[in-house]
Amino acid sequence: MKDPITISVTGAAGQIGYALLFRIASGAVFGPDQPVNLRLIEIEPALPALDGVVMELDDCAFPLLREVVPTADLAVGFSGANWALLVGSVPRKAGMERGDLLGINGKIFTGQGQAIAANAASDVRTLVVGNPCNTNALIAMANADGVPNDRFFAMTRLDENRAKSQLATKAGVHHSQVSNLCIWGNHSATQYPDFTNAKIDGKPVTEVITDRAWLEGEFIPTVQQRGAAIIKARGASSAASAANAAIDTVVSLCNPTAEGDWHSVGVCSDGSYGIAEGIIASMPIRTKADGSWEVVQGVPVDDFSRGKIDASVAELLEEREAVKDLIPG
Ligand code: NAX
1 MKDPITISVT GAAGQIGYAL LFRIASGAVF GPDQPVNLRL IEIEPALPAL
51 DGVVMELDDC AFPLLREVVP TADLAVGFSG ANWALLVGSV PRKAGMERGD
101 LLGINGKIFT GQGQAIAANA ASDVRTLVVG NPCNTNALIA MANADGVPND
151 RFFAMTRLDE NRAKSQLATK AGVHHSQVSN LCIWGNHSAT QYPDFTNAKI
201 DGKPVTEVIT DRAWLEGEFI PTVQQRGAAI IKARGASSAA SAANAAIDTV
251 VSLCNPTAEG DWHSVGVCSD GSYGIAEGII ASMPIRTKAD GSWEVVQGVP
301 VDDFSRGKID ASVAELLEER EAVKDLIPG
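Residue numbers (UniProt numbering): 1 to 329.
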């Protein structure tokens, strides 16, 4: 049996946490021979609820689950973390502007970035799920002195999965037949689910779905607005599918990507595709055999795509400007 790895999860008593922790503990993320320690981080008022989650984890008697530590102390919570899954954040309330939300949540991620740098394992990787996830990841990265920028990720995989599902349904195929689907930009309503490079059974989507008006006018807004549609239908935001996408992201970053394919995740831009250097933007990523990742180069960006990508990047730059006081240097 391997040595246990440590996974820290913030917002562990929340909806997504509830759908995520049991799958990590069961081995669905890191494999059936990889023991895991869980460090579960919550704010003080949520600690009683978190105790209930810990009781349920105990009651599963998972063979792979070793230590479980519930805490509101960031130093304890990130101690020895190999993966930090930053799920917790404050939801937008009535009357709150986007800028207010950026400020409130931004402060959470300065402290968490610092605590990761001070306490996590030297190989720590951080995935931010809590919204606005791209800019929260940027703040955590900027405050995690000494942790390389390429260890910070923002989740756009739920958007990728949603897009694949929409295309598959339209084409009458199984979603596993859809590949090369890239979400570009921000995890927000400006994101661009790129159908121009996506494939169905290896053929360009635009050859399989010839209704361009549907692709531009229905597919894109449906993916962009899917979160709002779920809230309307369920009375609560997506949780199980979000947890599933977090798992997909970690699995994709830990295992080599299939030849010729890619996956979507927000990473620190190196300027590829004209995306401003230093922001956390979603783009096509491949995980290599040695476990490192790279931006897939040479993906065609036509004029239509260019406009969409630029609009989402412009929003990310505005967000960065709004939180500039939280970004040292
Ligand atoms: P919940 O409100 O159910 O849970 C959030 C939990 O975070 C609460 O238990 C709260 O006490 C905790 N929390 C708040 N501040 C904290 C802090 N400083 N440290 C530790 N914990 C803290 O929300 P849930 O439905 O679980 O969603 C969590 C986040 O995911 C939200 O920001 C949400 O917007 C975001 N999402 C991101 C998605 C993505 O694709 N990137 C999709 C799903 C989801 O909307």
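For glycine and all other residues, C-beta sits at the position ideal for the given N, C-alpha and C.
If you draw a 10 Å sphere on the C-beta of residue 197, you find 16 or more other C-beta atoms in it, and that means buried.
Residue state for residue 272 is assigned as helix, using DSSP reduced to three classes. For residue 129, no alpha helix (DSSP H) run applies, since DSSP gives it neither H nor E.
Runs of alpha helix (DSSP H) with 4 or more residues, each lying fully within the segment 53-123, are found at 74-77 and 98-119, listed in chain order. Taken atom to atom, the span from the alpha-carbon of residue 18 to that of residue 327 is near 31 angstroms. A direct Cα-Cα distance of roughly 13 angstroms separates residue 266 from residue 131. Here residue 275 is buried, its C-beta having at least 16 other C-beta atoms within 10 Å.
In the displayed model, residue 238 falls within coil according to three-state DSSP, outside both helix and strand. Residue 185 and residue 295 have their C-alpha atoms spaced approximately 13 angstroms apart.
Spatial neighbours of residue 3 in its own chain (CB-CB distance under 6 angstroms, excluding positions within 5 residues in sequence) are not present. Here the distance from the Cβ of residue 52 to the nearest heavy atom of the ligand NAX is not below 7 angstroms.
As computed with DSSP, residue 37 is found in a beta bridge with 6. For the set 166, 160 and 114, the Cα lying nearest the Cα of residue 147 is the one of 114. Taking 8 angstroms as the cut-off, the Cβ atoms of residue 285 and residue 268 do not count as close.
Taking a C-beta distance under 8 angstroms as the contact criterion, residue 220 and residue 193 qualify as a contact pair.
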